[in-house]
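Contents: one structure, followed by commentary.
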Amino acid sequence: MSDEQLHAMRHSLAHITAAAVQRLWPEAKFGVGPVVDNGFYYDIDLGETKISEQQFGKIEKTMRRIIAEKQDFVRTTVPIDEAIAWAETHNQPYKVELLNDLKRAGTTVAKDLDAAAMGTIADGASAVEEVSFYTNGSFVDLCRGPHVANTGDVGAFKLLRVAGAYWRGNEHNPQMQRLYGVAFATQGELDDYLQRLELARQRDHRKLGKELDLYTTSPLVGVGLPLFTPRGTILRDKVAEYSNQLRQKHGFQKVWTPHITKKDLYETSGHWAKFGDELFLVKSQETSDEMALKPMNCPHHTQIFASRPRSYRDMPVRYLETTTDYRDEKTGELGGLNRVRSLTQDDSHVFCRPDQIEGEINNLLAAARELYSTIGMQLRVRLSYRDESDAYLGDPALWESAQGQLKAAVEKVGLEFFEQAGEAAFYGPKIDFMATDAIGREHQVATVQLDFVQPQRFGLQYTTSDGSFTTPVMIHCALLGSIERFLSVFIEHTGGWFPLWAAPEQVRVLTINDSVRDYVDKIASILTGVTLMKPIKYNDVRFTIDDRNESLGKKIREATAVKIPIQIIVGPKDQAAGQVSIRTHHDELTLPLEQLASYLHTYGVVANTTPTETAS
187 MSDEQLHAMR HSLAHITAAA VQRLWPEAKF GVGPVVDNGF YYDIDLGETK ISEQQFGKIE
247 KTMRRIIAEK QDFVRTTVPI DEAIAWAETH NQPYKVELLN DLKRAGTTVA KDLDAAAMGT
307 IADGASAVEE VSFYTNGSFV DLCRGPHVAN TGDVGAFKLL RVAGAYWRGN EHNPQMQRLY
367 GVAFATQGEL DDYLQRLELA RQRDHRKLGK ELDLYTTSPL VGVGLPLFTP RGTILRDKVA
427 EYSNQLRQKH GFQKVWTPHI TKKDLYETSG HWAKFGDELF LVKSQETSDE MALKPMNCPH
487 HTQIFASRPR SYRDMPVRYL ETTTDYRDEK TGELGGLNRV RSLTQDDSHV FCRPDQIEGE
547 INNLLAAARE LYSTIGMQLR VRLSYRDESD AYLGDPALWE SAQGQLKAAV EKVGLEFFEQ
607 AGEAAFYGPK IDFMATDAIG REHQVATVQL DFVQPQRFGL QYTTSDGSFT TPVMIHCALL
667 GSIERFLSVF IEHTGGWFPL WAAPEQVRVL TINDSVRDYV DKIASILTGV TLMKPIKYND
727 VRFTIDDRNE SLGKKIREAT AVKIPIQIIV GPKDQAAGQV SIRTHHDELT LPLEQLASYL
787 HTYGVVANTT PTETAS
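Numbering of the sequence shown is given in my numbering, commencing with residue 187 and proceeding in unit increments.
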């Protein structure tokens, strides 16, 4: 089935869902029912009546009756005023609102509507003369289409969940019930998707974050401000350390910048005008300076570059900083570690000559590929370009040149890519890295961005070979992106079975009884002396000893529950034979004590494979 056919099928199922709800609750008032990834939803107002998941079976049964009736989808066009009258007569206030917006503005997209600029209905002629309706059976809906020929032409579907949603995304509007469904051409495709959905539920980082004691939240601290436990802090520190060491290997030097700054910096960079509403403001008790918690680091790095004279011989200049930024994200968009208000970025910035752009991009591409290869995620890239809107700063000709250079660099290294207009940063085009996790989901992770705007706005210069001054090119890169968001992906990708280098607790020694304490001391001495070198240098083994007076079975269950990569089981037989019994996520083995150190070195290098999809 083509994408167009699949879209029409899912759109038709949204109408069938609404028709079923109308049969069951004739007083229902309807908002919109668009197609979304893998399915559809419909916004519905039932007043005090609330739809529960226990009622999904009843709704689905009604939907199947409508499908069995093979109702034709019939398109009609009517004058806009007649459509408004229909919506008023049938007590559909949300459709009345949409139709009135179409009449005055020619659009129903909330962000495109501006009553002050466009006037009111009474001010002039209608922006739209006619609108289209689709009818199936007794259900009639304002709709542009497309649809399948009749209700019998839809594939396999399932209602998944219902959630509250403010009408048109505005918290001041009524809250509706958003009924979600998924749909595929065949039952087999639907079953596969539902299986992946169950795997995703098992791997949900919010669930595993609690089970593995990685992070917590507190209403006293605030929403979107996660608190990392000792175990979670080790995990985020090791991930950050890997990114730092990898970037240093590729020629970057560490810098440090403060967490608050004057408004002037962001006015000069252009961020204040663009993102002023997302900044946390800070008021000084000493001066009248307007301050803000920093939402990003690039303007600060420009000032380090500008702090002394630069020559073409100095270029490129590469800075790295892993630091926490702050953004006043909307409360409704915050959840887990995916979207937070305190985000830690592994930020990198390059200042270079135009003739060095391709080499620097290739350098960053190599670093990104190494990192995601280490964690076992396949990469492709999205080349994010500007569109025709006025949302971007800088010369369009420079943009065209930059977009061409990014594409050439990606093509040269052989990365799979696709192009998308409208996804660029306001100051330049970018490469967005898309990583596929262990259960087939794709996530946006690292970015590489060209910037011709900020160096000009800050007046950055270096001397050329002939003694004149010129402006450098700036390149932004974050290998992990936000560490918090990366961890949400990493936790779910591994299912909590982290590779040895990243695991908060790498080894746990489990004793069978007290008679082996002296032998455990020998094992501990070996573990203390082991230094793992890859992918992080000087990563001492993190181990604990469980010598409690508990059964071995209980100790194994507890160690497995927190997904410790290596469990060393020690009993009298092991002591007598001078061996250790090792239990991992993948296998069990016995080896001589003198081989333990070499085993850990080998395991630390090769055991970065992703757990199987069936692992919980």
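Here a beta-carbon is modelled for each residue, glycine too, at the ideal position from N, C-alpha and C.
Straight-line CA distance for R703 to A611?
-> 60 Å
Below 8 Å on the Cβ atoms is my guess for Y705 versus V634; work out the distance and round it to an integer in Å.
-> Contact doesn't hold; Cβ gap of about 52 Å is too wide.
Can you give the Cα-Cα distance for Y785 and H535, rounded to whole angstroms?
-> 39 Å
Would you list the one or two residues that DSSP bridges to Q606?
-> S570
Alpha-carbon to alpha-carbon, S188 and P481 | 42 Å
What did DSSP end up calling N224 once you bin it into helix, strand or coil?
-> coil
Where P758 and F619 are concerned, what is the direct C-alpha to C-alpha distance, given to the nearest angstrom?
-> 52 Å
Return the chain-ordered list of same chain residues with a C-beta closer than 7 Å to the C-beta of N524, the five sequence neighbours on each side being excluded.
-> R671, S674
The segment 467 to 485 in contact with the segment 506 to 518 per 3-pair CB rule at 8 Å | yes
Buried versus exposed call for P147 [16 or more other C-beta atoms within 10 Å across all chains shown] | Residue 147 lies beyond the residue range present for the chain, which begins at 187 and ends at 802; the question has no answer from this structure.
Give me the Cα-Cα distance between T508 and D533, rounded to the nearest whole angstrom.
-> 6 Å
Top-ranked residue by Cα proximity to G771, from T517, Q692, Q363 = The identity of residue 771 in the sequence shown is His, whereas the question assumes Gly. For H771, the nearest C-alpha among the options comes from Q692.
On the premise that G545 lies in contact with V639, defined as a C-beta separation below 8 Å, what is that separation, rounded to the nearest angstrom?
-> Contact flag wrong, Cβ pair sits at about 22 Å.
Quick one, which of C329, D733, K723 has its alpha-carbon nearest D700's?
-> D733
With distances taken between CB atoms, is the gap from S498 to T649 smaller than 8 Å?
-> Going by the sequence as given, residue 498 is Tyr instead of Ser. Against a cut-off of 8 Å, the Cβ pair of T649 and Y498 comes out as a contact.
Identity of the residue in V314, Q647, T275, D229 nearest N286 by Cα | V314
Residues sharing a beta bridge with A624, DSSP = According to DSSP, which records beta bridges pairwise, A624 is partnered with nothing at all.
Give the straight-line distance between the Cα atoms of L328 and E274, rounded to the nearest whole angstrom.
-> 13 Å
For the alpha helix (DSSP H) containing Y705, list its first residue and its last residue.
-> 703 to 715
Going by CA-CA distance only, name the one from Q589, D623, L601 that's closest to A607.
-> Q589
With a threshold of 16 other CB atoms inside 10 Å of the CB of Q373, please say whether the residue is buried or exposed.
-> exposed
Can you name, in chain order, every residue of its own chain whose Cβ lies under 8 Å from the Cβ of A308, other than the five neighbours on each side?
-> With a pLDDT of 44 at A308, under the threshold of 50, the modelled position of that residue is not reliable, and the figure given next carries that caveat. None.
Just mark A349 as buried or exposed, buried being the case when its beta carbon has 16 or more other beta carbons within 10 Å.
-> exposed
Per DSSP, C663 is paired with what?
-> S534, V634
Put H197 into one of helix, strand or coil per three-state DSSP.
-> helix
Reducing DSSP to helix, strand and coil, say where S497 ends up.
-> strand
Continuous alpha helix (DSSP H) stretch holding F242: start and end = 242 to 254
Determine which residues share a DSSP beta bridge with A369 and list them.
-> F343
So who's on the other strand from D377, going by DSSP bridges?
-> According to DSSP, which records beta bridges pairwise, D377 is partnered with nothing at all.
Please say whether L666 and V425 have beta carbons closer to each other than 8 Å?
-> yes
So what's N336 in DSSP terms, helix, strand or just coil?
-> strand
Taking all protein chains shown into account, do 16 or more other C-beta atoms lie within 10 angstroms of the C-beta of D760, making it buried, or fewer, making it exposed?
-> buried
For the alpha helix (DSSP H) that contains Q781, what are its first and last residues?
-> Run containing Q781: none; DSSP gives neither H nor E here.
Cut-off 8 Å between Cβ atoms - residues of its own chain near M195, not counting five sequence neighbours on either side = M187, V334, D339, V340, G341, A369, A371
Express the C-alpha separation of R330 and N336 in angstroms, rounding to a whole number.
-> 16 Å
Length of the line joining the Cα atoms of F259 and G219 = 16 Å
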